[in-house]
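Report on the structure given below.
Protein chains in written order, with my numbering: chain A, 100 to 314; chain B, 100 to 314.
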């Protein structure tokens with residue numbers, strides 16, 4: 100995850116995500132209603148949580164702490180730290196007993212989605228999740244078109260393999276339109292990805308055996 | 100989570116958990132083989148991961164970032180940040196398709212486990228996880244005895260309720276011995292909590308419906 104802040108700016112996160120870092124300063128101007136994909140997903144997750152539909156949270160941004168001071172009678176202050184690359188995906192949680200795990204990325208590219216948006220260790224993590232019967236996917240937004248897609252991890256892995264075998268380093272928008280599932284956008288929930296999970300995996304209240312191939 | 104570091108000490112995390120913060124400086128001397136409970140669980144999770152038994156990670160420590168500098172030609176430096184209280188539990192992941200969620204705490208107390216080790220919002224989170232069919236529990240270590248217990252979240256919630264109703268603010272060791280499950284300790288895996296999950300929930304490769312009461 101590529102994070103940027105204006106120097107010395109007082110950091111005040113959206114409370115909706117318990118102080119998670121947002122990227123509005125960076126890409127707000129390119130995303131719908133000035134919200135980044137991350138902000139929209141955080142609000143969507145809060146919607147699911149409050150309505151007791153699912154418990155899905157964004158993981159805290161991993162930080163490598165180098166120096167911490169302990170002023171008397173006040174909280175410890177981290178004086179030197181660095182952003183670390185996430186080793187897993189950003190979002191996970193539970194829906195109807197099943198493990199849900201996904202990554203969300205947006206591109207300003209109009210014709211394809213660059214695979215460099217994902218790190219090899221994230222791909223490795225997705226493979227492991229699928230192997231263990233979790234529901235794993237990526238949410239892709241084409242900011243230029245305000246289109247958001249649900250791409251199953253198994254399909255992302257296929258495109259990643261194509262790249263590894265010398266193929267193109269991106270997924271064309273046409274391929275995404277054919278293989279991925281467009282996510283209905285609304286006010287509440289903003290990005291209703293659970294409707295796609297229901298459609299694809301047909302989860303009932305009691306946990307069903309995994310589908311061949313998909314899980 | 101109460102984190103403490105020696106002032107200005109260069110922070111070098113155990114790589115086993117992708118740079119997670121450890122508390123060895125604080126409590127290492129009280130825990131088995133000089134390892135904290137967190138370190139033992141991280142090594143256990145790595146063991147499960149490498150043997151493709153489960154994918155369970157510790158979440159990054161939540162940090163409230165206040166100031167970030169961007170030196171030219173080098174990585175962004177966080178100049179001011181503060182430790183934030185975790186809003187969920189520390190560990191989650193997937194085992195045989197099921198969502199696994201737990202918190203790990205140790206006490207030097209010999210007769211009881213103080214409930215102040217848990218935060219109300221963590222309790223709230225555990226309730227939500229159970230409600231959504233996840234497997235949720237706490238791992239409790241009595242450092243004085245080198246004993247580690249697996250207490251189901253539903254049972255922790257009962258003790259929490261007792262406190263809320265004016266009852267004692269801790270769980271007696273005798274109660275834990277009666278209600279919780281002792282976790283076999285070894286070299287590999289260090290703290291084999293999955294053996295307890297298998298015993299309690301009897302997960303097969305395909306995900307079974309949840310048990311009455313437990314989930």
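All C-beta atoms, glycine included, are put in the ideal place defined by N, C-alpha and C.
Residue i to residue j span [Cα, whole Å]
{"i": "residue 231 of chain A", "j": "residue 196 of chain A", "result": "14 angstroms"}
{"i": "residue 152 of chain A", "j": "residue 257 of chain B", "result": "24 angstroms"}
{"i": "residue 302 of chain A", "j": "residue 233 of chain B", "result": "14 angstroms"}
{"i": "residue 227 of chain A", "j": "residue 264 of chain B", "result": "44 angstroms"}
{"i": "residue 273 of chain B", "j": "residue 194 of chain A", "result": "35 angstroms"}
{"i": "residue 178 of chain B", "j": "residue 166 of chain B", "result": "5 angstroms"}
{"i": "residue 134 of chain B", "j": "residue 283 of chain B", "result": "16 angstroms"}
{"i": "residue 130 of chain A", "j": "residue 136 of chain A", "result": "Only weak support is given to the placement of residue 130 of chain A: the predicted model assigns it a pLDDT of 38, under 50, and the value that follows is read from those uncertain coordinates. Roughly 7 angstroms between the two C-alpha positions."}
{"i": "residue 220 of chain A", "j": "residue 262 of chain B", "result": "44 angstroms"}
{"i": "residue 124 of chain B", "j": "residue 183 of chain B", "result": "At residue 124 of chain B the pLDDT is 37, less than 50, meaning the model places this residue with poor confidence; the figure from the coordinates comes in the next sentence. Each residue's Cα considered, the two are about 20 angstroms apart."}
{"i": "residue 298 of chain A", "j": "residue 238 of chain A", "result": "16 angstroms"}
{"i": "residue 126 of chain A", "j": "residue 236 of chain B", "result": "Any reading at residue 126 of chain A must be qualified, since the residue scores a pLDDT of 37, below 50, and its modelled position is unreliable; the value itself is stated next. Cα to Cα, the separation comes out at about 39 angstroms."}
{"i": "residue 156 of chain A", "j": "residue 144 of chain A", "result": "7 angstroms"}
{"i": "residue 296 of chain A", "j": "residue 201 of chain A", "result": "12 angstroms"}
{"i": "residue 242 of chain A", "j": "residue 217 of chain B", "result": "41 angstroms"}
{"i": "residue 224 of chain A", "j": "residue 266 of chain B", "result": "44 angstroms"}
{"i": "residue 176 of chain B", "j": "residue 176 of chain A", "result": "14 angstroms"}
{"i": "residue 205 of chain B", "j": "residue 188 of chain A", "result": "29 angstroms"}
{"i": "residue 180 of chain B", "j": "residue 171 of chain B", "result": "21 angstroms"}
{"i": "residue 276 of chain A", "j": "residue 222 of chain A", "result": "21 angstroms"}
{"i": "residue 300 of chain B", "j": "residue 160 of chain A", "result": "32 angstroms"}
{"i": "residue 173 of chain A", "j": "residue 164 of chain B", "result": "17 angstroms"}
Best match in the options for proximity to residue i [C-alpha to C-alpha]
{"i": "residue 291 of chain A", "options": "A:254, A:229, A:261 and A:246", "result": "A:246"}
{"i": "residue 229 of chain B", "options": "B:159, B:255, B:213 and B:289", "result": "B:255"}
{"i": "residue 213 of chain B", "options": "B:282, B:191 and B:268", "result": "B:268"}
{"i": "residue 162 of chain A", "options": "A:287, A:209, A:218 and A:185", "result": "A:185"}
{"i": "residue 281 of chain B", "options": "B:148, B:294, B:157 and B:201", "result": "B:294"}
{"i": "residue 215 of chain A", "options": "A:259, A:168, A:248 and A:142", "result": "A:259"}
{"i": "residue 138 of chain A", "options": "A:300, A:270, A:296 and A:288", "result": "A:288"}
{"i": "residue 250 of chain B", "options": "B:243, B:271, B:244 and B:266", "result": "B:271"}
{"i": "residue 154 of chain B", "options": "A:199, A:239 and A:298", "result": "A:199"}
{"i": "residue 279 of chain B", "options": "B:286, B:266, B:253 and B:285", "result": "B:253"}
{"i": "residue 148 of chain A", "options": "A:172, A:171, A:191 and A:205", "result": "A:191"}
{"i": "residue 140 of chain B", "options": "B:244, B:300 and B:240", "result": "B:240"}
Counterpart residues of residue i in DSSP-defined beta bridges
{"i": "residue 180 of chain B", "result": "A:177 and B:164"}
{"i": "residue 191 of chain A", "result": "A:156 and A:200"}
{"i": "residue 211 of chain B", "result": "B:271"}
{"i": "residue 206 of chain B", "result": "B:241"}
Contact set between residue i and chain B, taken where Cβ atoms lie within less than 8 angstroms
{"i": "residue 300 of chain A", "result": "None at all; the shortest Cβ gap to chain B is about 11 angstroms."}
{"i": "residue 179 of chain A", "result": "176, 177 and 178"}
{"i": "residue 215 of chain A", "result": "The contacting residues do not exist; residue 215 of chain A stays about 18 angstroms from chain B at best."}
{"i": "residue 237 of chain A", "result": "Simply none; closest approach about 17 angstroms."}
Contacts of residue i in chain A (Cβ-Cβ under 7 angstroms)
{"i": "residue 228 of chain B", "result": "154 and 193"}
{"i": "residue 158 of chain B", "result": "158 and 159"}
Neighbour list for residue i in chain A, Cβ cutoff strictly below 9 angstroms
{"i": "residue 146 of chain B", "result": "Result: empty, since nearest Cβ-Cβ is about 14 angstroms, beyond 9 angstroms."}
{"i": "residue 248 of chain B", "result": "Here the premise fails: no neighbours, minimum Cβ distance about 23 angstroms."}
{"i": "residue 292 of chain B", "result": "Those do not exist, as residue 292 of chain B stays about 16 angstroms from chain A at its closest Cβ, beyond 9 angstroms."}
{"i": "residue 190 of chain B", "result": "Those within 9 angstroms of residue 190 of chain B in chain A number zero; the least Cβ separation is about 11 angstroms."}
Cross-chain neighbours of residue i in chain A, by beta carbon under 8 angstroms
{"i": "residue 182 of chain B", "result": "174, 175 and 177"}
Listed by chain order, chain B residues near residue i by CB distance under 7 angstroms
{"i": "residue 233 of chain A", "result": "193 and 196"}
Segments assigned alpha helix (DSSP H), at least 4 residues, entirely inside the segment 217-245 of chain B: 219-230
Ordered list of beta strand (DSSP E) runs contained in the segment 239-300 of chain B, each at least 3 residues: Here the runs fully enclosed are 246-251 and 269-271.
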